[in-house]
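Numbering (UniProt numbering), first residue to last: 1 to 187.
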């Protein structure tokens with residue numbers, strides 16, 4: 001029940017599943033496999049798939065270079081919408097809002113990396129902009145940042161799922177569901 005008028009559609013948002021982002025990701029292969037399955041399902045159900053790619057030259061994410069490329073395992077098609085970003089929130093200083101508006105989208109099903117950075121920023125950014133947001137509990141990941149004081153990656157993913165399941169706001173819904181329970185219909 002999005003607060004965005006005449007925006008009843010759903011999109012699958014795939015964030016930063018790039019070679020340089022997920023190379024050392026927790027549970028990488030399983031997470032990418034679930035994302036690939038969701039991408040296939042979305043296409044079969046005529047649900048738009050929107051790809052987000054982070055640009056950060058100091059992190060090896062230079063457009064066109066290998067680290068910046070979307071990993072082949074998830075089945076990227078270059079005829080689908082792709083949004084370049086430079087900040088954690090995929091909406092910040094990008095055309096994502098207009099891409100979604102053009103498709104009548106008011107509900108986002110969110111997957112990708114990293115749970116404690118761009119996923120977290122984007123789900124909050126979407127929610128505050130009026131979107132219903134479903135986080136796919138087993139289709140987002142992060143790398144091991146324990147040497148800088150972060151919890152183990154499994155705990156980061158679990159905590160992100162936990163706190164998102166309690167988000168509330170007037171006229172919007174937040175949900176956390178496993179990939180095999182994703183419904184591409186608006187809540």
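Idealized CB from N, CA, C, for every residue including glycine.
Whole angstroms are fine: how far does the CA of residue 104 sit from the CA of residue 5? 9 Å
Using the Cα positions of residue 125 and residue 96, report the straight-line distance between them to the nearest angstrom. Approximately 11 Å between the Cα atoms of the pair.
Taking buried to mean at least 16 other C-beta atoms within 10 Å of its own C-beta, is residue 64 buried or exposed? exposed
Cβ neighbour criterion (16 or more within 10 Å) applied to residue 86: exposed
With 16 other Cβ atoms within 10 Å as the buried cut-off, status of residue 270: The chain is shown only over 1 to 187; residue 270 falls outside these bounds and no answer can be derived.
Return yes when the Cβ of residue 38 is within less than 8 Å of the Cβ of residue 111, no when it is not. yes
Straight-line CA distance for residue 67 to residue 128? Rounded to the nearest angstrom, the two C-alpha atoms are 31 Å apart.
Report yes if the CB atom of residue 16 is closer than 8 Å to the CB atom of residue 53, and no otherwise. yes
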